[in-house]
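Have a look at the structure below before the remarks.
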Amino acid sequence: LDWIHFDIAFPVEHGNRATGYGPALICALLASHLDVPLLKTLQ
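Number 5 in this note's numbering belongs to position 22 of the sequence shown; there are no gaps in the numbering.
Spelled out as structure tokens, the structure:
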């Protein structure tokens, strides 16, 4: 994979609640490449 783009710059709402998937998605994708013990639990 040479390049990837996630269009998550704008907050998305469903009814009165935000979806909030952006930060969780990025953490899950990068978990195996970072030395953060909490992120290792996402693998």
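For glycine and all other residues, C-beta sits at the position ideal for the given N, C-alpha and C.
(message) Which residues does DSSP list as the beta-bridge partners of H(-3)?
(response) R0
(message) Please report the straight-line C-alpha distance between L13 and A7, rounded to a whole angstrom.
(response) 10 Å
(request) Measuring alpha carbon to alpha carbon, tell me which of D18, G5, P20, R0 ends up nearest H(-12). (result) G5
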